[in-house]
Amino acid sequence: MKKSEILFGLLKIPTDALAVFVALILSYNLRLEQIDLIPGLQLLEPAQTLPDPMMYITTFVVPGVCLFVIAAALLHLYGLRVTGSVWREIESIIVSAFVWVVWVMAWYFLVRKELFYSRILLVHSVFLIVVFVTVMRLSLVFLQRELLRMGVGVRTVLSVGNMALSHQARRVLEGDIRYRYLGHYHDLQEVRKYQHRSTVDLMVQTDPNPDSSGTRDLVNFCRNNHIGYAFLPPIFADAPHQLRIERLGLVPMLRFQPTPLDGWGRVWKRLFDMIGSGVLLIVLFPLVILIACGIVIDSGWPVFYTSVRIGEQGKRKIPVLKFRTMIQGADKMKAGLQDQNHRFSGPLFKIHRDPRVTSFGKILRRWSLDELPQLLNVLYGEMSLVGPRPHLPGEVKQYQPQEHRVFAIKPGITGFAQVMGRSDLTFEDEVRLDLQYIEEWSPLFDCWILARTLIVVLGRRGAD
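Take the sequence shown: its letter number 69 is residue 61 in this note's numbering, and every next letter is one higher.
Right under this line is the structure:
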């Protein structure tokens, strides 16, 4: 462990405490002056309900700071290692703030036998805590990375074993300012021979078929010389996000996890989908009625079109709802239009200026409004707001075996591939982006994709 890592790890606690302290004091003053920090937050509470400043500090600010530090510690926000993902840290800060507010409300209700004296103050506090703690953390990250660029706290790495795997490790390490790659040696004998040339912090074994005695000797060598040891399994070399270490009794075991959307990740995504689709259906209901009337006036009934698509796990067929944008009998005309398919490199069927699309359908497609009925699919649990696009059974039959990995999760109304190119992407690029989403999913990633979807739709980029 580098001294700089310990220093910055310890600095996180007082800086978090300071950020929370300032956030709570500022929230008090905002409420005292009856200023709404968040537009539309008008709960019409009298400012006279607030206690005097000293009582507020002793009964709320000091316990509040302690509770946040405890919540952050339980969510592993005080790790000493240099983290590689700022977004993961921000996500944990947001979760910590919500855990904190639940604890505060529970403490007031169970211990003090009363409700919290100001709901606006509480909302302001959560918002400001997230902002101030994030700013302090980003400042520490910026300072630490500047020191790493100067060589302070950089961990030196040596690889031993297979040359090809070592080159792969080298490419990753050379792009990471936290590490400095020293070189590759074939075995322990070479390491002993050249050990004196430089100080090594971490030894990475890259042998695809490690001999048990050779591995034991290398581990003992690292222990005796106070060098960190790591093993790079070749089967997981191209999927670092999918490797989990578990124990089978007392035996350590490597487990392959296709996506973070297991366990609580799956629960979170389903709750997000239910709330999001329910709210959107209520808000957009007048627009749905207007679109339905437009379709009837333009080309008659029916208003909706149901397309059978392949769902999660690649086995279940789901009826995907859309507003009808094509003429009646459009599916029967598909065979005669195969020569116009511009997705010739993959199984998908896409035509520029499809002659089957109605005039009102062109407007709906241009603004992606034909997808709105799929909110019902999301509410029913057949789809998700964000995920790979659902494809036709005939298209799926042409998939290569490795491309079936996109069925690890539910299909979505929008997705990473859609916001990065929509119809302009090749099938291979679409699969690559979908797999990246599946492997790197997080709640913030979903929020970013939804925000990006709005920008892409309003900009009408890649719309067919």
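Using N, Cα and C, we set each Cβ at its ideal position, and we do this for glycine too.
Environment of residue i [buried if 16+ CB atoms lie within 10 Å]
i: residue 438; result: buried
i: residue 185; result: exposed
i: residue 293; result: exposed
i: residue 359; result: exposed
i: residue 394; result: exposed
i: residue 303; result: buried
i: residue 277; result: exposed
i: residue 458; result: The requested residue 458 is not part of the displayed model; the chain covers only -7 to 456.
i: residue 422; result: buried
i: residue 248; result: exposed
i: residue 162; result: buried
i: residue 214; result: buried
i: residue 353; result: buried
i: residue 180; result: buried
i: residue 449; result: buried
i: residue 446; result: exposed
Residue-level contact to chain C via CB, residue i, 9 Å cutoff
i: residue 19; result: Among the chains of the structure shown, chain C does not appear; only one protein chain is present.
Cβ shell of residue i (< 8 Å), same chain only, five flanking positions each side left out
i: residue 87; result: 67
i: residue 56; result: 12, 16, 92, 96 and 117
i: residue 308; result: 302
i: residue 444; result: 411
i: residue 124; result: 11, 12, 14 and 15
i: residue 48; result: 20 and 42
Of the residues the options, the one placed nearest residue i, counting alpha carbons only
i: residue 367; options: 313, 418 and 388; result: 313
i: residue 311; options: 181, 268, 318 and 300; result: 300
i: residue 89; options: 8, 173, 363 and 51; result: 8
i: residue 219; options: 266, 262, 288 and 149; result: 149
i: residue 182; options: 91, 171, 172 and 195; result: 195
i: residue 373; options: 267, 392 and 119; result: 267
i: residue 192; options: 170, 147, 198 and 224; result: 147
i: residue 169; options: 272, 307, 178 and 134; result: 134
i: residue 380; options: 371, 433 and 349; result: 433
i: residue 84; options: 63, 174 and 404; result: 63
i: residue 259; options: 223, 143 and 376; result: 376
i: residue 114; options: 320, 54, 19 and 60; result: 19
i: residue 289; options: 143, 351, 70 and 61; result: 351
i: residue 356; options: 420, 318, 370 and 386; result: 318
i: residue 265; options: 442, 47 and 48; result: 442
i: residue 270; options: 371, 257 and 65; result: 371
i: residue 65; options: 78, 5, 385 and 110; result: 5
i: residue 159; options: 176, 167 and 143; result: 176
i: residue 3; options: 124, 24, 132 and 123; result: 132
i: residue 426; options: 81, 250 and 212; result: 250
i: residue 53; options: 21, 25, 80 and 70; result: 21
i: residue 481; options: 48, 447 and 349; result: Past the boundaries of the shown model lies residue 481; the chain is included only from -7 to 456, so the question cannot be answered.
i: residue 78; options: 451, 436 and 119; result: 436
Chain-order list of residues whose beta-carbon lies under 6 Å from that of residue i (same chain, five-residue window excluded)
i: residue 336; result: Note that residue 336 scores a pLDDT of 49, beneath 50, so its modelled location is shaky and nothing firm can be said.
i: residue 284; result: 295
i: residue 121; result: 12, 15 and 89
i: residue 36; result: Confidence is the limiting factor: at residue 36 the pLDDT is only 48, short of 50, which leaves the residue's position unreliable, though a coordinate-based value still follows. Excluding sequence neighbours, residue 36 sits near nothing in its chain.
i: residue 347; result: none
i: residue 273; result: 367
i: residue 382; result: 301, 312 and 403
Own chain residues within Cβ distance below 7 Å of residue i, not counting five before or after
i: residue 305; result: 399
i: residue 72; result: -7, -3, -2 and 1
i: residue 253; result: 261, 401 and 433
i: residue 199; result: 153 and 154
i: residue 280; result: 364
i: residue 408; result: 425, 426, 428, 429 and 441
One or two residues paired with residue i in a DSSP bridge
i: residue 458; result: Outside the shown range of the chain, which is -7 to 456, sits residue 458, and nothing can be said about it.
i: residue 238; result: 245
i: residue 299; result: 312
i: residue 177; result: 152
i: residue 211; result: Answer is none; residue 211 lacks a bridge partner.
i: residue 360; result: Note: residue 360 sits in no beta bridge, so no partner.
i: residue 171; result: 147
i: residue 376; result: 404
Three or more beta-carbon pairs under 8 Å between the region 40 to 56 and the region 125 to 138, yes or no?
-> They do not touch, by the three-pair rule.
If we count Cβ pairs, one from each stretch, closer than 8 Å, do we get three or more for the region 153 to 171 versus the region 119 to 130?
-> No: fewer than three Cβ pairs fall under 8 Å.
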